[in-house]
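Notes follow the structure.
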Amino acid sequence: DAGITQSPRHKVTETGTPVTLRCHQTENHRYMYWYRQDPGHGLRLIHYSYGVKDTDKGEVSDGYSVSRSKTEDFLLTLESATSSQTSVYFCAISESGRNGYGYTFGSGTRLTVV
Amino acid sequence: GQQLNQSPQSMFIQEGEDVSMNCTSSSIFNTWLWYKQDPGEGPVLLIALYKAGELTSNGRLTAQFGITRKDSFLNISASIPSDVGIYFCAGRTGNQFYFGTGTSLTVIP
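This is the structure we're talking about:
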């Protein structure tokens with residue numbers, strides 16, 4: 004399997020608290036992505052990165068920020084968690100963003116905001 | 445964002461039957477992908493399609509890139525219990541992939 008790990012796998016947090024999810028890869032891929040998965044919506048892109056310190060917004064970026072200080076790590080932060088951010092979060096990596104090879108996904112982080 | 449409609453939403457079939465599902469959009473895509481997701485895991489890539497009309501197989505799975513570039517189809521022949529899961533389509537435009545809402549497949553032994 005591709006070397007991509009997400010941590011934590013499960014988290015319960017209170018409304019208004021900050022939360023950081025971590026994605027770590029050992030493939031040295033340039034592109035990294037954060038998606039959220041919700042019933043009836045499939046997977047929706049939150050933010051993505053095309054290199055160290057290079058990030059851009061996806062279609063559901065409000066309330067989220069990201070950072071990539073090293074090739075192997077992509078962090079997703081919820082500055083002040085809300086119940087609407089209860090979801091399963093997936094990180095994905097790709098060697099190239101445009102060549103259509105597709106993504107390799109991590110196993111997900113299940114976040115519950117109470 | 446882009447809207448990808450997958451149908452059917454769910455399927456219950458007998459082991460050994462063939463399965464067909466599709467993904468449609470009002471937008472044109474340059475690449476179509478099909479993924480399978482097992483419970484508690486991330487999606488795993490099954491098949492990638494790069495040209496309109498392309499037909500690609502991966503074992504018992506066959507997928508096609510629609511001629512209009514607005515749709516794609518996935519067929520599974522002779523289903524087995526381990527085919528159970530959620531199947532997602534994804535279409536690429538520009539730098540981003542957009543995902544369908546998934547087809548949940550249950551195979552009854």
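Chains as they are written, first to last, in this note's numbering: chain A, 4 to 117; chain B, 445 to 553.
Glycine included, C-beta positions come from ideal geometry on N, C-alpha and C.
What you are looking at is a predicted structure, and each value in this text was computed from that prediction instead of being measured.
query                                                                                                                                                                       : result
Compute the distance between the beta-carbons of Met465(B) and Thr547(B), then report whether it is under 8 Å.                                                              : yes
Going along chain E, which residues have a C-beta under 8 Å from Gly544(B)?                                                                                                 : No chain E is part of this structure, whose protein chains are labelled A and B.
Counting only C-beta atoms, is Leu48(A) closer than 8 Å to chain B at any point?                                                                                            : yes
Have a look at Glu82(A), Thr29(A), Phe93(A) and flag the residue whose alpha-carbon is nearest the alpha-carbon of Val488(B).                                               : Phe93(A)
Run down chain B in chain order and give the residues with a C-beta less than 8 Å from the C-beta of Gly66(A).                                                              : Per Cβ cutoff of 8 Å: no residues; Gly66(A) is ~16 Å from chain B at best.
Taking a cut of 7 Å between CB atoms, which residues from the region 68–92 of chain A lie near chain B?                                                                     : none
So with Cβ pairs under 8 Å, would you call Glu459(B) a contact of chain A?                                                                                                  : no
Three or more C-beta pairs under 8 Å: does that hold for the region 60–72 of chain A against the region 509–517 of chain B?                                                 : no
Could you spell out the range, first to last residue, of the beta strand (DSSP E) harbouring Arg33(A)?                                                                      : Here Arg33(A) belongs to no beta strand (DSSP E), and DSSP marks it neither H nor E.
Enumerate in chain order the residues of its own chain whose CB-to-CB distance from Thr29(A) is below 7 Å, with the five nearest sequence positions on each side excluded.  : Gly6, Glu75
Could you name the residues of the region 477–503 of chain B whose beta carbon sits closer than 9 Å to any beta carbon of chain A, in the order they occur along the chain? : Leu477, Tyr479, Gln481, Gly484, Glu485, Gly486, Pro487, Val488, Leu489, Ala492, Leu493, Tyr494
Please report the straight-line C-alpha distance between Arg536(B) and Ile472(B), rounded to a whole angstrom.                                                              : 9 Å
Among all the DSSP beta bridges, which residues are the ones paired with Gln40(A)?                                                                                          : Leu46(A), Val91(A)
If you draw a straight line from the C-alpha of Gly111(A) to the C-alpha of His13(A), how long is it?                                                                       : 9 Å
Of all the options Pro42(A), Tyr34(A), Thr23(A), Ile96(A), which has the alpha carbon lying nearest to the alpha carbon of Gly453(B)?                                       : For the record, residue 453(B) in the displayed sequence is Gln; it is not Gly. Taking only the C-alpha atoms, the option nearest Gln453(B) is Pro42(A).
Does DSSP classify Asp76(A) as helix, strand or coil?                                                                                                                       : strand
So which residues on chain B does Ser110(A) lean against when the C-beta distance must stay under 9 Å?                                                                      : Gly484, Glu485, Gly486
Using a threshold of 7 Å, is the CB atom of Thr512(B) nearer than that to any non-hydrogen atom of the ligand HEM?                                                          : Inclusion of the ligand HEM in the displayed structure is not the case, the ligand content being empty and no account of it being possible.
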